Structure formats: C-alpha cells, structure tokens
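*Asks:* Pasting a structure below so you can have a look.
Protein chains in written order, with the numbering used here: chain B, 1 to 160; chain A, 161 to 388.
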C-alpha cells in the first residue's frame, strides 16, 4: 500500500516536472529584443536598489559607510556599463514591453549627454563614499537623483 | 462626562462637533494637497501631507470611540436590517433627517477610512523607481517590496477616487432629489429638523485635545521611521 502510494507520488512528481520544463521552455523562447529589455530592467533594478541602500543608510543615526561605499561603487560601475544596455532594436517598435522611447536611438547625441551625466554623478558619489565623507555623500544624493530623473523625464514614456 | 445638548422645540440642532468637522475639511485639503504634490513631484511636501493624513486618521479612530455620539462608530455603524430598512426609505422625496451619518453613509465612511488607511500604510513603505524618494518605513523592506508597495499605493488612490466620486454623487442625490443639504451641517455643525429634535451627546473639548496629542505623537513617530 505504502509502496504503491509512493510510486503514484513519484509519477505525479515526474508529470509535474515535465509540465514545468515545458513551461520554462516556452518562457525561454524570448526574442533578442525581449532579452535585451529584461537584462536592461534587471540592471536598472540593481541601480535603484543600490541607491535605496545608500538612502536607507543616510536615514540612520549612524550610517554604515562600508555599505554606502559598496553600493556607490556598484552604482558607478553600473553607470559605466549603461550605454551597452540599449542595443539598437530593443525599443518599443520591436514589440517588447518597454518604456524606452525611440528618441534614445534617434537622438543618440542627447542620450549620450544624460548618460555621461549619470556617470559623472555616480563617480563623484563613489569618490565621496570611498573617502568616508558622510556629509559629502549626503549632498551628492540630490544631483545623483537628478541625473536619474534627467534621463527618465526625456527618454522614458510616462507610466500609463 | 459628556455634555448633553437638548433643544425643546423643532428647528435647528447641533449634529456635528467641531473636531469632526475639522477632521473632515482638513482631510479634503490634505488629500488634494497629496494628489497635487505627487503629480508635480514635490515628494518632500507629499510626505508631510501623508504624515498629516496619518495623524488625522489616528485622531478619527480615537474620536470614533471617545467623541460625540454622532462621531462614534457605535453610534452610526448599523446592522444589515437597519441598513435595509433605511434603503427602503431612499426613494421618498423628502429629507431623511438622519442624526449624523445615515446607515448607508456609515458604510461610505468605513469604506473611505479603510481606503485611506491602506493608502497611507502602503505609502509609508513605498519606494520610487530610482530608489531616491521613499516612505519613512521603506528602509525596513527591500527594493522590490518597496516597488510593490508603490504600486499598491497608486491602486488604493484610484479606489479612493471612486469612493470620493460616490460620496459626491450621494450628496448631489440628497440635494436634488431629497432636497436635503448635507454639506451645510458639515460646515456649520447644525441642521434643521421638522420633526422631533434628537438628542446628541457632545464630548468635552479636553478629550479632543488628548486625541490630538496621540495623533501628533503617532504621526511624528512614523515620520521618524520609528526611530526615536
């Protein structure tokens, strides 16, 4: 009785894993544009999460400079890599669900300016954090957020 | 402890105490301010408006148990039978002359308060997409959770807008169809009765002071991120 039940359980588990594998396969069948969008969004999420880490620390009575430094370094490195997150053909015209505006590619020079803006501000943030300059980090938060907003206001469609 | 107010003749009688009226109109102003500040990305102002709404809600909760009889939950929240009985009188084209909230209005009050409590609570944990602007309690959740709270914050605001629209529609219905102005009593505190003048028990003002102290303390504590 026990044996038969365990065999049935095993069969059910196998059927389930086959179904799961089929589903995963379907999910993996992404277009190149969808892959680029997913990677881009994952990167931006890391950027936002790192900035949140810094802002959370700044709210504390005794902010952890090591945590701020690590997050600032991550932000700087992500900003350096940002230009590669927007391969041609990964806009909304590809059919992928993205809020990236076409101007990113049609106004490449303007887009490069705001990218450099983020790189400059995050590099400054990292420098201040590495130097243990808490007041400096506090003051650098606003321009860094401003660099995020500069691009979001111009090159991202507003949320529906 | 409570000062009873009785009027012998028909005519005007006080129905809403000052704290309840102040709560109502401050809430109107602050919800409008919250909306405007969010739309125009004035997030510092938006947070302060949110703390003020939080304080108002705490006060209203306190006043719902310690306030005047028309402000108390036990005074206006009615069961299904009483509510149904009231619904049957809705089609009559004459003022309902309810003392305080009628049974349907009570449901509206509870729904509005619930929506506001959700709205404020979700806002406390919300994080914007840049990880820059955030509620005072978002430091206790991770980025993804904070983003989820931001979505809920927005959804509950849309629910609140629907409830406000319903609230205004009800006022218009009473004004036009039943020829009963419900706004004036909420401004002035009194209304006229053609029949018997009901008795409303008013809470003393010192009790409202206690409520304000509790509300300010709660809002301050939350605004500080629960760090004293």
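Built from N, CA and C at the ideal position, the CB exists for glycine as well.
Only a predicted model underlies this, so the values are computations on that prediction, with no experimental measurement involved.
1) Roughly how far, in whole angstroms, is the beta-carbon of residue 228 of chain A from the beta-carbon of residue 361 of chain A, given that I think they are within contact range, below 8 Å?
2) Note down, in chain order, each residue of its chain lying with its Cβ closer than 6 Å to the Cβ of residue 57 of chain B, except the 5 sequence neighbours on either side.
3) Measure the alpha-carbon distance for residue 213 of chain A versus residue 92 of chain B and round it to whole angstroms.
4) Measure the C-alpha to C-alpha separation of residue 60 of chain B and residue 295 of chain A and round it to an integer number of angstroms.
5) Identify the contact partners of residue 100 of chain B in chain A, using a Cβ-Cβ distance below 7 Å as the criterion.
6) Let me know the secondary structure DSSP gives residue 360 of chain A once reduced to three states.
7) Taking the straight line between their C-alpha atoms, what separation do you get for residue 339 of chain A and residue 217 of chain A?
8) With a threshold of 8 Å between beta carbons, is residue 1 of chain B in contact with chain A?
9) From the DSSP output, in three-state form, read off residue 86 of chain B for me.
10) From the DSSP output, in three-state form, read off residue 163 of chain A for me.
11) Can you pull the chain B neighbours of residue 227 of chain A, defined as C-beta to C-beta under 7 Å?
12) Pick helix, strand or coil for residue 156 of chain B, following the three-state DSSP scheme.
13) What do you get for residue 355 of chain A, buried or exposed, if any count of 16 or more other CB atoms within 10 angstroms of its CB means buried?
14) Looking only at C-alpha atoms, which of A:246, A:309, A:231, A:226 sits nearest to residue 370 of chain A?
15) Is there at least one Cβ from chain B nearer than 8 Å to residue 294 of chain A's Cβ?
16) On the CB-based measure, 16 or more other CB atoms within 10 Å of its CB, does residue 387 of chain A come out buried or exposed?
17) Does chain A have any CB closer than 8 Å to the CB of residue 59 of chain B?
18) With which residues is residue 195 of chain A paired in a DSSP beta bridge?
19) For residue 289 of chain A, go through chain B and note every residue whose CB falls closer than 7 Å to its CB, in chain order.
20) Entirely within the region 170-232 of chain A and at least 3 residues each: give me those beta strand (DSSP E) ranges in chain order.
21) Step through the CB atoms of chain B and report whether any lies within less than 8 Å of the CB of residue 210 of chain A.
22) Does chain A have any CB closer than 8 Å to the CB of residue 55 of chain B?
*Replies:* The short version:
1) The C-beta distance from residue 228 of chain A to residue 361 of chain A rounds to 6 Å, short enough to meet the 8 Å contact threshold.
2) Correct list, in chain order: 63, 64, 67, 68.
3) Cα-Cα distance, rounded: 39 Å.
4) Between residue 60 of chain B and residue 295 of chain A, the C-alpha separation is close to 14 Å.
5) Those within 7 Å of residue 100 of chain B in chain A number zero; the least Cβ separation is about 13 Å.
6) If DSSP states are grouped into helix, strand and coil, residue 360 of chain A belongs with the strands.
7) Distance between the alpha carbons of residue 339 of chain A and residue 217 of chain A: 31 Å.
8) Summary for residue 1 of chain B: the model assigns pLDDT 46, below 50, so the residue's position carries little reliability; its value from the coordinates is reported in the next sentence. The Cβ of residue 1 of chain B sits no closer than 8 Å to any Cβ of chain A.
9) Residue 86 of chain B falls in the coil class under three-state DSSP.
10) With a pLDDT of 44 at residue 163 of chain A, under the threshold of 50, the predicted position of this residue should be treated as unreliable, and no value is reported.
11) Below the 7 Å Cβ cutoff, chain B contributes no neighbours of residue 227 of chain A, its closest Cβ being approximately 35 Å away.
12) Residue 156 of chain B: strand per DSSP, three-state reduction.
13) Sixteen is the threshold: since fewer than 16 other Cβ atoms of the shown chains lie within 10 Å of the Cβ of residue 355 of chain A, the residue is exposed.
14) It is A:226.
15) Output row for residue 294 of chain A: interface = yes.
16) By the neighbour-count criterion, in which 16 or more other beta carbons inside 10 Å mark a residue as buried, residue 387 of chain A falls on the exposed side.
17) Yes, its Cβ sits closer than 8 Å to a Cβ of chain A.
18) According to DSSP, residue 195 of chain A bridges with nothing at all.
19) Under the 7 Å cutoff, chain B gives 48.
20) Counting whole runs of 3 or more residues, the region 170-232 of chain A contains the beta strand (DSSP E) stretches 171-174.
21) With 8 Å as the cut-off, residue 210 of chain A does not count as an interface residue toward chain B.
22) True, the Cβ-Cβ gap to chain A drops below 8 Å.
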